[in-house]
Structures are given as C-alpha cells and as structure tokens.
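In order, the protein sequence lines correspond to chains A and B. In terms of this note's numbering, the first sequence opens at residue 1251 and continues consecutively. In terms of this note's numbering, the second sequence opens at residue 84 and continues consecutively. See structure below.
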Amino acid sequence: MTGADLVHVEVSGLTMAYGGRVVQRDLDFTIGRGDIFVIMGGSGCGKSTLLRHLVGLQQPAAGDIRYSGASFLQGSPEQRASLLRRFGVMYQQGALWSSMTLAENVSLALEQYTTLSRAEIRELASLKLALVGLAGFEDYYPSEISGGMQKRAGLARAMALDPEILFFDEPSAGLDPISSRRLDELILELRESLGATIVIVTHELPSIFSIGTNGIFMDAERKTIIARGNPSRLLAECEDPKVREFLTRGEHR
Amino acid sequence: MSAAECLLEVEIAHDGALILHLRGDWTVDRALPASEPLRLAIAGARGVRFDDSALEAWDSLLIVFLRRVAALAHSHDVSVNTSGLPQGAQRLLALGSAVPEQPGARRDGGQQTALARLGSSVIAGVEGLRVLLAFIGEISLAVGRLGRGQARFRRADFLLILQQCGAQALPIVSLISFLVGMILAYVGAVQLKQFGAQIFVANLVGLGMAREMGAMMTAIIMAGRTGAAFAAQLGTMTVGEEIDALQTSGFSPMDFLVLPRMLALVLMVPLLCLYADLLGILGGAVVAITSFDISFSQYHDQTLAALELRQFGLGLLKAAVFGVLVAIAGCLRGMQCGRSAAAVGDAATSAVVTGIVWIIVADALLTILYDVLGW
C-alpha cells in the first residue's frame, strides 16, 4: 500500500454554516482506511452536522471532502452516486422505512444496485439481519420491534451493500449499557471482517475509549477542532481543559 | 440480465470429504452456483472443506453461499470445516450464527382460508364499531364537562383552529359554491326553458342551495380540508408520543384536543354554509342574467318569494350536524393512528373517506326526517 491508499477520507478547509450562522470553520482532518474515527464534542458543537456534510446531506459553506482522493463535492452526479453506493449510514433513531418489513428495508438497495435473484436477495437480507442478531425477524415491521432492535436493523440496512465506509450517528444513545457494549463489539467485528472504515459520532465515553482508534474533538465556542488523535492517548496527554473535562466527565479537574 | 456465475470447483478427497475450491470473484455482481448439484454432492460426502487459495475478491455473497452449504451439511449430518476460508469470512459466519433465532419469532406466511378471512374481517368490523361507540361516549362526557365548565383546553389553540377551519377556508368555499350555483342554474334552466318557465330557476337555485347543496358542499370541502388535517395532526402527535405526554400530565386528550376541534367545526361549518348559500344564489343569478334573459330584479324578487328564513335554518341545522361528523371522523382516525409515518397517511385518507360517507348518510336521513316532519 502506498501512503495515499492509507487515507480514506480527506477533509480540507471545511466550513459549515446554517444560513449566516457558522457552526464550525476551517476543519482539516484525514480518516485512515480501517480507522474507527470518533467525532467528539459537547452537545450543539456540530457533530451531527459534520456527519451530514460527510455523507452529502448538507452542502458546506466552504472547503472540500475527498474520498480515496476523489472529490465528493466537485464530482459529477454519477461520480457522487457511485461514491454514495459505497457508504453505509446508520441514523440515530434507525430511520427505518416504516411501511416496509425489516427484510424489505435491507433488500431495497440490493434490488436497486445488484442483479441478484429474489431468492439470493432474500438470503442476503437474512444474513445481514442475522449478523446484527435479528435472525427470524425478517417479516416484522419497524413499529413492531423495540428501539434497540430498530437500531440494529438500521445497521443491517447500512451494511446491505458491503460499504467501504460506515457512518454512525450516536449508535448507542438510548441503549442499555450491555446492548451498547454488544453494539461496540459488533462494530469492531464488522471492521475486522469487512475491513470497513468507520466514522462515529458519539459521546458515550466507554464506547469512545473501547473502540476509537482516531478522532477529533470539536468545540462550540472556538468553532473548530481543538484536539485530535486516539481518544485514549488524548485522555493521557491532552492539556486542553475542555477536552480533559469531557473525557473525564468533569470529575478530575 | 444474467450475471456471470461464481467459479466453484468440487473435488472429492481420498478421505471421502468434499473440497470446495473457491475461485475468482465472489461478489454481489455475480450469481451463485446452483444449489441442487451441491446438495447431491454434500449428501454423499463425509465432511466439507474449503480451499480459498484461488479466491480473489469476496463480499456478503460468499457468506450467503457458505450459509447455504452449512445448512445443507447440517440437514445431512455432514461436518463442515471452515479453516480453509478467509479469516474475515470465518468471523462473519460465526457472527451470523452467534445469536440464534428466537423460537417463535419467525412468522409463518401461511394462507388463511376464505372463511377465516371473512371471520377476521367481521371481528375487525365489530371491533371498529366498538371503538367508534367508545369514542362517541368519551366525546359526550367531554361535552358534559364543557357544559359544567370543567373542560380544559387552551384558548389560543381554539382560536387558531377557528381561524384554520373558518377564515382560511373562505376562498375554496367561495369558488366551489359559486360554481355549484351556476351548475344548478344551467341544469334547471335548460329544462324549464322548454315550458317558458325559466324564471323558476331562481326557486330551484335558492331552495337547492339553502336546503341542500350549501350545507353538503361546505361539509365535503371541510372533510377534505380540515378533517384530513385533524387526523394528520393528531396522528403525528400519537406517533410522537405527545398524546401520551398529555395524558401523563393529567390532561384529557379528549378535552384538550378533540373538544376545541369539534367546537370550531360546529361553529364554523354553519357560518361557511350561510356564506356558501349566498354565493351559490349569486352564481345562479349570473347564469340566469347572462344566458336566460332574466333581469336581476326579476331574479331577486323571485328568490325572495321562494325562500323563507326557515329554509336557511334547515340548511344550517344540517351544516352543524355535518360539522360534528367531520370533526369526529378526523379526530377518531387521528387518535386511532398507528405508530408509523405510513399510518399517519392512512389516518388522513381514512378520515376523509369516513367523513364523506357519514355526511351523505346523515344528509339522506335528515332529508327524510324533514319530509316526514313536513318542514
């Protein structure tokens, strides 16, 4: 692998704004291939907004985002679509399509983008649901299962096309500690076996330390990145009082 | 379009085990090898092994194939050795079977017999009727509380609803009722002209609008406009647990949400109806004057002679009844809404259909009643 191959996502000079109100400015960071990249920061600092920019749901006010060297913003619609096809996104509330069963939720992208037969698509959907521990729930509607199960089904849908990069928005919010840890283990397992890059927005400290291999810390006041690197190392080395306070839950000043 | 098949070579080792050589790409843009020959091969084997030395790219499709092989082997009591597979594939296979299927979770897609379907639709119908009666009962209790001054709802909400289903409905009510008056005049005048009695078109339009069409057209507009809006509002609130939150905060959703909506419609539909009556008569006058050689003063006098205040009263009574029905249909469907986005759409549609059916049925009953009473 050459050096360029090791970088999966490259963000340069990204400024995010709602109308005239700037949320974050001049963000520069790179996400390595196979990283579990944690976007940290207090509530309201623009973590989810950054995620929405990364997956193209919002347009930046300035700056560029490159995936494997290809610009996501300046490319043609076709290039953009082919990049999007290699993304998997898991939303905070699952965002499952409520009029479809779990199997249909997972199958939709497979039907659209592959030439597989119906039976094979069905088997693939069952496999994805089994991977997240939902074997046998193919014919349930999202409203018939619990919130934690909806999240896992959302993960199964995000994995439908074997994405190269998976985005998670607060994956463990609203889960009990054990389910939350299982989800962390699942994320680790998926990275190991699929070799995917993973980008997570979270403020669950246990998750941050147990799975994060790299990350950035954004601040709402200074409107930019104030620390970057492996979260465990940040905890040990970072001098910035805000970062320390966040990573220690404000208990050790 | 048929994709290239994944390359699979089957070898029988000297110890009787089956060796599956996976070659080339096993990705979702390919097709899996047929299952039937594989089943026969596995049925006679003494174990299954894999060889991935010539395997290039792979993704979930490979795992689907491996799960098929594992299932076939399991059903023929043949052991499977996965050590010849890529590390990642082995882990995914293990992960896929880590959480076993919960017994009873899977749904049998069995077809019901015609009799069973008939039975369940009758049961659903009876249940629907029971829910409706319970809802009407609760509304009656809420109206009782309102009469004793105990019902609680926000004045601001009530005024907003009044505005939404009153003033904001004026443009569409104007258009529809004016056009209905014109249509009545055309249909009637063409016939009456054959007897040289086209002046009686004023009676037809006046009586038709005042007793019937004003109330009915207004009510149908309100069912489509406001009934659907009520169902969507309350449905969205149900989905977002807002109604649960009202209940746990000690508010009755009936008082807080349903009463102001019903009151607003009971007040506004008759007012809109009166306005519709006048515009309909105006529409009829325009047709009579422009196309049938009747002067405005003739039309005016004839209308005054044909109509008594009583006719308007009968129409307004109908309008008030329709207002209650539209409000009940909208609120009922909204409160019954399921907890998904699709359910909100269903609730809105169902509110309109229910509202219109109730309006027409009630109109028929009231018309017969008026006739019996000689009104």
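From the three backbone atoms N, C-alpha and C, an ideal C-beta is built for every residue, glycine too.
Going by DSSP in three states, S162 (chain B) sits in which element: helix, strand or coil? What you label residue 162 (chain B) is simply residue 79 of the second sequence in a count that begins at 1. Residue state, collapsed to three classes: coil.
Review point. Is DSSP giving Q246 (chain B) helix, strand or coil here?
Key: Along the second sequence, one-based indexing puts residue 246 (chain B) at 163. Q246 (chain B): helix per DSSP, three-state reduction.
Between the C-alpha atoms of P1310 (chain A) and R1275 (chain A), what's the straight-line distance to the nearest angstrom? Start at 1 with the first residue of the first sequence, and residue 1310 (chain A) comes out as number 60. Start at 1 with the first residue of the first sequence, and residue 1275 (chain A) comes out as number 25. Near 10 Å, if we compare the C-alpha coordinates of R1275 (chain A) and P1310 (chain A).
- prompt: Whole-angstrom Cβ separation of A1375 (chain A) and A1353 (chain A), contact assumed at under 8 Å?
  reply: The count along the first sequence starts at 1 and reaches residue 1375 (chain A) at position 125. The count along the first sequence starts at 1 and reaches residue 1353 (chain A) at position 103. Confirmed, about 4 Å.
What are the complete beta strand (DSSP E) segments, minimum 3 residues, inside the segment 1300 to 1382 of chain A?
1312 to 1317, 1337 to 1340
Handout entry: Three-state secondary structure (DSSP) of G208 (chain B)
Key = The count along the second sequence starts at 1 and reaches residue 208 (chain B) at position 125. Correct three-state label for G208 (chain B): helix.
key: Nearest-angstrom Cα separation, counted from T165 (chain B) out to R1441 (chain A)   = Here residue 1441 (chain A) is taken as the residue at index 191 of the first sequence, counted from 1. Here residue 165 (chain B) is taken as the residue at index 82 of the second sequence, counted from 1. Rounded to whole angstroms, R1441 (chain A) to T165 (chain B) spans 20 Å at the Cα level.
### Query
Between the beta-carbon of I1286 (chain A) and the beta-carbon of I1461 (chain A), is there less than 7 Å?
Numbered from 1 along the first sequence, position 36 holds the residue referred to as residue 1286 (chain A). Numbered from 1 along the first sequence, position 211 holds the residue referred to as residue 1461 (chain A). Yes, they are a contact pair.
Closer than 8 Å is the cut-off here; do at least three beta carbon pairs connect the segment 355 to 363 of chain B with the segment 284 to 294 of chain B?
yes
Can you tell me whether DSSP reads H383 (chain B) as helix, strand or coil?
-> Counting from 1 along the second sequence, the entry for residue 383 (chain B) is found at position 300. Helix, per DSSP.
*How big is the Cα-Cα spacing for L149 (chain B) and L176 (chain B)?*
Within the second sequence, residue 149 (chain B) is the residue found at index 66, counting from 1. Within the second sequence, residue 176 (chain B) is the residue found at index 93, counting from 1. So the two alpha carbons sit approximately 8 Å from each other.
Take R231 (chain B) as the anchor and find which of B:S223, B:L287, B:L354 has the nearest alpha-carbon. Numbered from 1 along the second sequence, position 148 holds the residue referred to as residue 231 (chain B). Answer by Cα proximity: B:S223.
Once DSSP output is grouped into helix, strand and coil, what is the label at E1495 (chain A)? Stepping through the first sequence from its first residue, residue 1495 (chain A) is reached at position 245. Correct three-state label for E1495 (chain A): helix.
- Short-range partners of chain A found in the segment 175 to 192 of chain B, where Cβ spacing is below 8 Å: L175, L178, G179, S180, A181, V182, P183, E184, Q185, A188, R189, R190, G192
Exercise. Who are the near neighbours of S257 (chain B) in its chain, counting only those whose CB is closer than 6 Å to its CB and skipping five residues on each side?
Worked result: As a first step, residue 257 (chain B) must be located in the second sequence, where it is residue number 174. Excluding sequence neighbours, S257 (chain B) sits near L362.
Note to self: If I follow the unbroken beta strand (DSSP E) through A1477 (chain A), where does it start and stop?
What the structure shows: Walking along the first sequence from the start, residue 1477 (chain A) turns up at place 227. Counting along the chain, the beta strand (DSSP E) containing A1477 (chain A) begins and ends at 1474 to 1478.
Please compile the residues from chain B whose C-beta is within a distance smaller than 9 Å of the C-beta of A1380 (chain A).
-> In the first sequence, counting from the first residue as 1, residue 1380 (chain A) sits at position 130. Ordered by position in chain B, the residues that pass the 9 Å Cβ test against A1380 (chain A) are R150, L178, G179, S180, A181, V182, E184.
For the segment 103 to 131 of chain B, list every residue whose C-beta sits within 9 Å of some C-beta in chain A, in sequence order. T110, V111, D112, R113, A114, L115
Report back the beta-carbon spacing between V152 (chain B) and L1366 (chain A) to the nearest angstrom; my notes put them in contact at under 8 Å. Numbered from 1 along the second sequence, position 69 holds the residue referred to as residue 152 (chain B). Numbered from 1 along the first sequence, position 116 holds the residue referred to as residue 1366 (chain A). 18 Å between Cβ atoms; not a contact.
Using only the alpha-carbon positions, how far apart do S423 (chain B) and S1349 (chain A) sit? For the purposes of this step, residue 423 (chain B) is taken as residue 340 along the second sequence, with counting starting at 1. For the purposes of this step, residue 1349 (chain A) is taken as residue 99 along the first sequence, with counting starting at 1. If I take the Cα positions, the gap works out to 8 Å.
Practice problem: Have a look at B:G208, B:S433, B:L397, B:V226 and flag the residue whose alpha-carbon is nearest the alpha-carbon of T309 (chain B). | Solution: By 1-based counting over the second sequence, the position of residue 309 (chain B) is 226. Looking at the Cα atoms, B:S433 is the closest of the given residues.
Inset, instruction - Mind listing the chain A neighbours of D142 (chain B)? Cutoff is C-beta to C-beta under 7 Å, in chain order. - result: Here residue 142 (chain B) refers to the residue found at position 59 when the second sequence is read from its first residue. Near D142 (chain B) (Cβ distances below 7 Å), the residues of chain A are D1412.
- prompt: Interface residues of chain B around A1385 (chain A) at Cβ under 9 Å?
  reply: If you number the first sequence from 1, residue 1385 (chain A) lands on position 135. Going along chain B in sequence order, the residues near A1385 (chain A) (Cβ under 9 Å) are G179, S180, V182, P183, E184, Q185, A188, R189.
Meets three-Cβ-pair contact criterion under 8 Å: the segment 410 to 422 of chain B and the segment 312 to 322 of chain B: yes
I'd like to know whether the C-beta of M1251 (chain A) is nearer than 7 Å to at least one C-beta of chain B.
Position 1 of the first sequence, counted from the start, is the residue given in the question as residue 1251 (chain A). Confidence at M1251 (chain A) is low in this model, with a pLDDT of 41, below 50, so the placement of that residue should be treated as unreliable; the coordinate-derived value is given next. Not closer than 7 Å to any Cβ of chain B, the Cβ of M1251 (chain A) fails to qualify, so no.
Legend entry - Start-to-end residues for the beta strand (DSSP E) that takes in G1291 (chain A): Here residue 1291 (chain A) is taken as the residue at index 41 of the first sequence, counted from 1. G1291 (chain A) -> beta strand (DSSP E) spans 1286 to 1291.
Neighbour flag for T1364 (chain A) against chain B, beta carbons, 7 Å
Residue mapping note: residue 1364 (chain A) aligns to position 114 of the first sequence, counting from 1. Chain B, which has a Cβ nearer than 7 Å to the Cβ of T1364 (chain A), makes this yes.
Q) Per DSSP, what kind of secondary structure is I1395 (chain A) in: helix, strand or coil? A) If you number the first sequence from 1, residue 1395 (chain A) lands on position 145. If DSSP states are grouped into helix, strand and coil, I1395 (chain A) belongs with coil.
Item to complete: Identify, in the order they occur along the chain, each residue of the same chain with its Cβ nearer than 8 Å to the Cβ of A328 (chain B), setting aside the five sequence neighbours on each side.
Response: In the second sequence, the residue the question calls residue 328 (chain B) occupies position 245. Cβ neighbours of A328 (chain B) beyond the five flanking positions: none.
CB of R190 (chain B) within 7 Å of CB of D1389 (chain A), strictly: For this step, residue 190 (chain B) is matched to residue 107 along the second sequence. For this step, residue 1389 (chain A) is matched to residue 139 along the first sequence. A contact, by the Cβ cut-off of 7 Å.
- Message: Does S157 (chain B) come out as helix, strand or coil in the three-state DSSP assignment?
- Response: The residue given as residue 157 (chain B) occupies position 74 in the second sequence. First, the residue type needs correcting, since residue 157 (chain B) is His and not Ser in the sequence shown. In this structure, H157 (chain B) counts as helix in the three-state DSSP scheme.
Proximity test, Cβ basis, 7 Å: G211 (chain B) and chain A: On the second sequence, position 128 is the one that residue 211 (chain B) refers to. So no, G211 (chain B) is outside the interface.
Exposed unless 16 or more other CB atoms sit within 10 angstroms - verdict on E1489 (chain A):
Locating residue 1489 (chain A) in the first sequence gives position 239, counting from the first residue. That one is exposed.
What is the DSSP secondary structure of V263 (chain B), reduced to helix, strand or coil?
Position 180 of the second sequence, counted from the start, is the residue given in the question as residue 263 (chain B). The answer is helix: DSSP assigns V263 (chain B) an H, G or I state.
### Query
Any idea what DSSP makes of I377 (chain B), helix, strand or coil?
The residue labelled residue 377 (chain B) in the question sits at position 294 within the second sequence. In this structure, I377 (chain B) counts as coil in the three-state DSSP scheme.
ask   = Just by C-beta distance, which residues in the segment 396 to 425 of chain B are closer than 8 Å to chain A?
value = G421, R422, S423, A424, A425
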